[in-house]
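Down below is the structure, laid out as structure tokens.
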Amino acid sequence: MSISGTAAIAGIGATEFSKESGRSELQLAAEACIDALKDAGLTPADVDGLVTFTADASTEIAVARELGVPGLSFFSRVDYGGGAACGTVAHAAMAIATGLAETVVCYRAFNERSGRRFGRAAARSEHAAGTADLEFSWHLPYGFATPAAWVAMYARRYMHEYGATSEDFGRVAVAMRRHAATNPNAWFHERPITLEDHQASRWVVEPLHLLDCCQESDGGVAIVVTSAERARDLPHPPAVIGAAAQGSGPGQMMMFSYYEGDLTTLPAMGRVGETLWRQAGLGPADVQAAILYDHFTPFVLVQLEELGFCGRGEAKDFVADGGIEVDGRLPVNPNGGQLGEAYIHGMNGIAEAVRQIRGTSVNQVPGVANVLVTAGTGVPTSGLILTRP
Amino acid sequence: MTAASPRRGDALHDRLTVLAEELTALGERPAGPCPDPVNAPMIRNWTQALGDHDARWAETAPPAMIQVWSMPGLNRDKPGTIADRILALLNESGFTGVVATNCEQTYDRYLRHGEELRSTMRFGGLTGPKRTGLGEGYFVTWHQTWYAEGERVAEMMFRVLKFRPRAAGGPPAKGRRARPAIGPDTRFFWDGLRDGELRVQRCAECGRLRHPPGPMCPECHATKREHVTVSGRGTLHSYVVHHHPPVPGFDPPFVVALVDLEEGVRMVGDLLGCPPDQVRIGMPVEAVLQKIDDDLVLPQWRPAGSAPKPPPAQGAEPAAQGAESVAQGTEPAKAAAELAALSVDLTPTFVISTALATRDFTPVHHDTALARAQGSTDIFLNILTTMGLVQRYVLERLPGAVLEGVSVRLGVPAYAGDTLTLTGRALDDRTVEVRGAVSLGDHAIATVRLKG
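Right under this line is the structure:
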């Protein structure tokens, strides 16, 4: 049995993206879910499953209470930070394919700018010694304490191996900000940047400039998943889940997989890519747009290589000359991504993929039949291929 | 450091030059009083705090105590130095940083208990602007001379660098460095560091080395583990330079390194003693175990070959005080020149009690919160104590020698929680070179002159 084609995304919803939502994370989650259900033409009474991130502060039952969902047959959490994003949809699709649930809402909502900011130095209790605490213990005492720093360690080695430069990373930021500039929902609407702006922005953690780092955002996004059959009767053309996958790599850690193998690769993403192509029976030439997780620019380059869009070390050429801009070789993140639209832990990218399939994006790529979506990089991750029916 | 561009027509430089000429013209001027005669209670406080057990101090004063006699104590209206006006002008002009760079003392004779002292100061000069590792700055020098009944008994040259701090990535974060969570599978590693060993787990069945460690060998699934002590030699696999945001306990920019150990495992740590723009992937590095406090030692890294000579094994130390003292030349010439190392644990109590015993009440030597607020990692050893420890080290290693002078070039701060390791080498009968190293690098390089 394959999951391919059994489930579809029927609705997408979101709050506004801001720097200070002024309301609770639970309220953001509930608002995003209601918005998504309306978009799907469904009501909370139709919902029998909820899935979110392990990292989310609002439990499935708390969201169910706010929505007035009478009861849940399926609830699940996906771990590893932003690596969970597509995993929530994968879990929903599995539940639907196996008959555990009929309609599952996946959500992620947080005050990541006005509340706990992920960009700040991480702190963990020295008195808890679970495996994640131990992983952090090999790093935090050295002041190696921020996601930017953890990614910079890979980026420096990648530059060394392949001769990539800060400007190559900068081209990713320029592309995302170009896309965001024409997206009214993007935080950086009408604020494009140049490569010179990127180069002039201050160091955060060398070799990363400020403009290599995604924003910190408040907001929520929800995705309604139901059977492909039922989705056909709902208002919007379904975005059929052609493939869904999770993946981790050898010696995998949360952001710190430095101890085995090659720092210029993302084996977890490589595994996700192989599974997606195999499940969907497609290859890199068959997708017209990609949503690549862009919390930090260097990993967009590595993803292009891991997913087979170009060879090892060739991504710097792939992104040159507007290669990943909306009119380029492979339009990446036409919504502006997390660098330009908002950082909602990858969930806003899934919503954009759905719009590309529906043909309703503000930066619509012509003739989209298949869109690849990825989740967090450097962590155990996940991915989707969404397909026009 | 190199000379900065000529300052012709620079108004500040001109004002400084005029002021320096004025101060020089003042000549030798009386300094603040020496309130107490040379006395046993102050000497006892000093010898106890510094751990100096030389029997001669029952009759005479330790020579390195000379500056203590003229210290103003905890006195809010304390008289300054003759260089105060020039230091103030530099301060107002943005050269707000200050670091002592040199202290040279000459002892004409040892002082007897009961002697009354007075001291004078004279301005010694201004050089700059110079570009230094800390930023652009001026070196300011002054001299202090001590007299007993009109007889000169000691002199000191003191030099500071007043610098314009380079723009950093914001103020240092408050708070302390994160501490590791330690579990049953990782405790051997952290315990080893406290015992001076850098340990890597080895599978007791198949011999596979593994870092970070874990309870089951992923190769053969044995749970029986042992560890090896690794050499600490490696090469830099990758690195980052952290600028922002603030990290508690760190002063940006700082370098975090991923090291390929020669034994075949990788390890993360800070790269110390290497300016960020000189870090290169592939550079050889070596481990240095940095004592954070009594409970925590961290494995850190520095460029290979930048470390002071490792101290000899602990057993070597008492030999220096025994009958076959290295000073008596019973060893072959080359070996005889090397003095056994002395390690001093810089506990907070040590740092504070020595500061107070030297009548130095500057808060950075006893107030941790204030020291951190000023950008230091912790409270740190004062210079009067560094001078005293150099004296103690040389006289313990060369019993019977009489000190003529000590010249110290100051390096990195010696923070509480660290260990100061003194090593020395007799260049000839009258000259000893001493190096005081802490985990950050060289704290002091001293040349000690002995009377013939």
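These protein sequence lines map, in sequence, to chains C and X.
The first sequence runs 1 to 389 under my numbering.
The second sequence runs 1001 to 1452 under my numbering.
Don't be surprised by glycine CBs; every beta carbon is placed ideally from N, CA and C.
In this text the structure is predicted, and so the values were computed from the model without any measurement.
| query | In chain order, which continuous runs of the alpha helix (DSSP H) of length 4 or greater are located wholly inside the stretch 53-131 of chain C? | reply | 60-67, 85-97
| request: Please confirm if D133(C) has its CB atom under 8 Å from at least one CB of chain X. | output: On the first sequence, position 133 is the one that residue 133(C) refers to. When Cβ-Cβ separations below 8 Å define contact, D133(C) makes contact with chain X.
| task | Name, in chain order, the residues that DSSP records as bridge partners for Y956(X). | result | Limits of chain X in this structure are 1001 at one end and 1452 at the other, which puts residue 956(X) out of reach.
| alpha helix (DSSP H) containing C33(C): first to last residue? | In the first sequence, the residue the question calls residue 33(C) occupies position 33. Looking at the DSSP string, the run of the alpha helix (DSSP H) that includes C33(C) is 25-40.
| message | Using a Cβ-Cβ cutoff of 9 Å, what residues of the stretch 292-306 of chain C are near chain D? List them in chain order. | response | Absent from the structure is chain D; the protein chains it does hold are C and X.
| request: Any chance you could list the beta strand (DSSP E) runs of at least 3 consecutive residues sitting entirely within the stretch 1338-1406 of chain X, in chain order? | output: 1338-1345
| Proximal residues to G96(C) (C-beta, below 6 Å), its chain only, five neighbours per side dropped | One-based indexing of the first sequence puts residue 96(C) at position 96. Going by the sequence as given, residue 96(C) is Ile instead of Gly. Contacts found: A7, S227.
| Would a C-beta distance cut-off of 8 Å place G346(C) and N333(C) closer than the cut-off? | Residue 346(C) sits at position 346 when you count from the first residue of the first sequence. Residue 333(C) sits at position 333 when you count from the first residue of the first sequence. No, they are not a contact pair.
| request: On a CA-only basis, which of C1203(X), M1071(X), I1086(X), W1057(X) is nearest A1031(X)? Give me that one, please. | output: As a position in the second sequence, residue 1031(X) is number 31, starting the count at 1. Considering only alpha carbons, the answer is M1071(X).
| What does S1120(X) reach in chain C if we use C-beta pairs closer than 8 Å? | Taking the second sequence and counting its residues from 1, one reaches residue 1120(X) at position 120. The sequence shown places Thr at residue 1120(X), rather than the Ser named in the question. Listed along chain C, no residue sits closer than 8 Å to T1120(X) by beta-carbon distance, the nearest being about 47 Å off.
| Members of the stretch 1348-1369 of chain X that neighbour chain C once the beta carbon cut-off is set at 9 Å | none
| field | Contact list for the stretch 340-356 of chain C against chain X, Cβ threshold 7 Å | value | none
| task | Would you list the residues sitting across from N370(C) in a DSSP beta bridge? | result | In the first sequence, the residue the question calls residue 370(C) occupies position 370. T387(C).
| said: For T1047(X), list the residues DSSP reports as bridge partners. | reply: The residue labelled residue 1047(X) in the question sits at position 47 within the second sequence. Beta-bridge pairing links T1047(X) to no other residue.
| task | Report all residues from its chain with a CB closer than 6 Å to the CB of S1093(X); omit the five preceding and five following residues, and keep chain order. | result | Counting from 1 along the second sequence, the entry for residue 1093(X) is found at position 93. Closer than 6 Å at Cβ, skipping near neighbours: L1012.
| Is there at least one Cβ from chain X nearer than 8 Å to R312(C)'s Cβ? | As a first step, residue 312(C) is located in the first sequence; it is residue number 312 there, counting from the start. For R312(C), the answer is no, since every Cβ of chain X falls outside 8 Å of its Cβ.
| query | What residues from chain C crowd round H1243(X), counting only those whose CB sits closer than 9 Å? | reply | On the second sequence, position 243 is the one that residue 1243(X) refers to. Result: R202, W203, V204, V205, E206.
| query | Is any beta-carbon of chain C found at less than 8 Å from that of S1343(X)? | reply | Translated into positions along the second sequence, residue 1343(X) becomes position 343. No, S1343(X) does not count as interfacial toward chain C.
| message | Given this structure, state the Cα-to-Cα distance separating E1324(X) from F1250(X), to the nearest angstrom. | response | In the second sequence, residue 1324(X) corresponds to position 324, counting from 1. In the second sequence, residue 1250(X) corresponds to position 250, counting from 1. In this prediction, E1324(X) scores a pLDDT of 32, lower than 50, which makes its location untrustworthy; the coordinate-derived value is nonetheless stated afterwards. Taking the straight line joining both Cα atoms gives about 46 Å.
| said: So, with DSSP's three-state summary, where would you put I1066(X)? | reply: Position 66 of the second sequence, counted from the first residue, corresponds to residue 1066(X). If DSSP states are grouped into helix, strand and coil, I1066(X) belongs with the helices.
| Taking Cβ-Cβ distances below 9 Å as the criterion, which residues of the stretch 117-129 of chain C are in contact with chain X? | Listed by position, the residues of the stretch 117-129 of chain C near chain X (Cβ gap below 9 Å) are R117, G119, R120, A121, A122, A123, R124, S125, E126, H127, A128, A129.
| request: Would you check if the stretch 30-46 of chain C and the stretch 327-343 of chain C touch, i.e. whether three or more CB-CB distances between them fall below 8 Å? | output: As far as the Cβ criterion goes, the stretch 327-343 of chain C does not touch the stretch 30-46 of chain C, which means the pair count is below three.
| task | Could you tell me if P981(X) is buried or exposed, where buried requires 16 or more neighbouring beta carbons within 10 angstroms of its beta carbon? | result | Chain X is shown from 1001 up to 1452; residue 981(X) falls before or after that span and cannot be answered.
| field | Nearest-angstrom Cβ-Cβ length linking T1000(X) and V1344(X), presumed shorter than 8 Å | value | This structure gives no information on residue 1000(X), because the portion of chain X shown stretches from 1001 to 1452.
| What separation, rounded to the nearest whole angstrom, lies between the Cα atoms of H1243(X) and A148(C)? | Within the second sequence, numbered from 1, the residue matching residue 1243(X) stands at position 243. Within the first sequence, numbered from 1, the residue matching residue 148(C) stands at position 148. If you take the alpha carbons of H1243(X) and A148(C), they lie about 10 Å apart.
| query | Is the stretch 1205-1220 of chain X touching the stretch 157-177 of chain C in the sense that three or more CB pairs, one from each, lie closer than 8 Å? | reply | no
| query | If you drop the 5 nearest sequence neighbours on each side, which residues of the same chain put their C-beta closer than 6 Å to that of D35(C)? | reply | Along the first sequence, read from residue 1 onward, the residue named residue 35(C) stands at position 35. Excluding sequence neighbours, D35(C) sits near G13.
| query | Under a Cβ-count criterion, where at least 16 other Cβ atoms within 10 Å of its own Cβ denotes burial, should H1366(X) be classed as buried or exposed? | reply | Within the second sequence, the letter at position 366 stands for residue 1366(X). So H1366(X) counts as buried.
| task | Run down chain C in chain order and give the residues with a C-beta less than 7 Å from the C-beta of Y1239(X). | result | Along the second sequence, read from residue 1 onward, the residue named residue 1239(X) stands at position 239. Near Y1239(X) (Cβ distances below 7 Å), the residues of chain C are R156.
| Do the stretch 130-138 of chain C and the stretch 1231-1243 of chain X touch if we need at least three Cβ pairs shorter than 8 Å? | no
| said: Are the CB atoms of L140(C) and R124(C) within a distance shorter than 8 Å? | reply: By one-based count along the first sequence, residue 124(C) stands at place 124. By one-based count along the first sequence, residue 140(C) stands at place 140. Cβ atoms of R124(C) and L140(C): closer than 8 Å.
| task | Answer yes or no: do A268(C) and G247(C) have a C-beta to C-beta separation smaller than 8 Å? | result | Sequence index remark: in the first sequence, residue 268(C) carries index 268 (1-based). Sequence index remark: in the first sequence, residue 247(C) carries index 247 (1-based). Taking 8 Å as the Cβ cut-off, A268(C) and G247(C) qualify as a contacting pair.
| For V1099(X), which option in Y1415(X), L1134(X), R1187(X), W1146(X) has the closest C-alpha, if you only look at C-alpha atoms? | Numbered from its first residue, the second sequence carries residue 1099(X) at position 99. Here the closest residue by C-alpha is L1134(X).
| request: Just the C-alpha distance for V1153(X) and A1040(X), rounded to the nearest angstrom, thanks. | output: Within the second sequence, the letter at position 153 stands for residue 1153(X). Within the second sequence, the letter at position 40 stands for residue 1040(X). Cα-Cα distance, rounded: 19 Å.
| task | Output the distance between the C-alpha atoms of T52(C) and V104(C), rounded to the nearest integer angstrom. | result | Translated into positions along the first sequence, residue 52(C) becomes position 52. Translated into positions along the first sequence, residue 104(C) becomes position 104. Distance between the alpha carbons of T52(C) and V104(C) is about 10 Å.
| query | Which whole-angstrom value describes the C-beta separation of V205(C) and T146(C), a residue pair presumed to lie in contact below a C-beta threshold of 8 Å? | reply | By 1-based counting over the first sequence, the position of residue 205(C) is 205. By 1-based counting over the first sequence, the position of residue 146(C) is 146. The Cβ separation is near 7 Å, so the contact holds.
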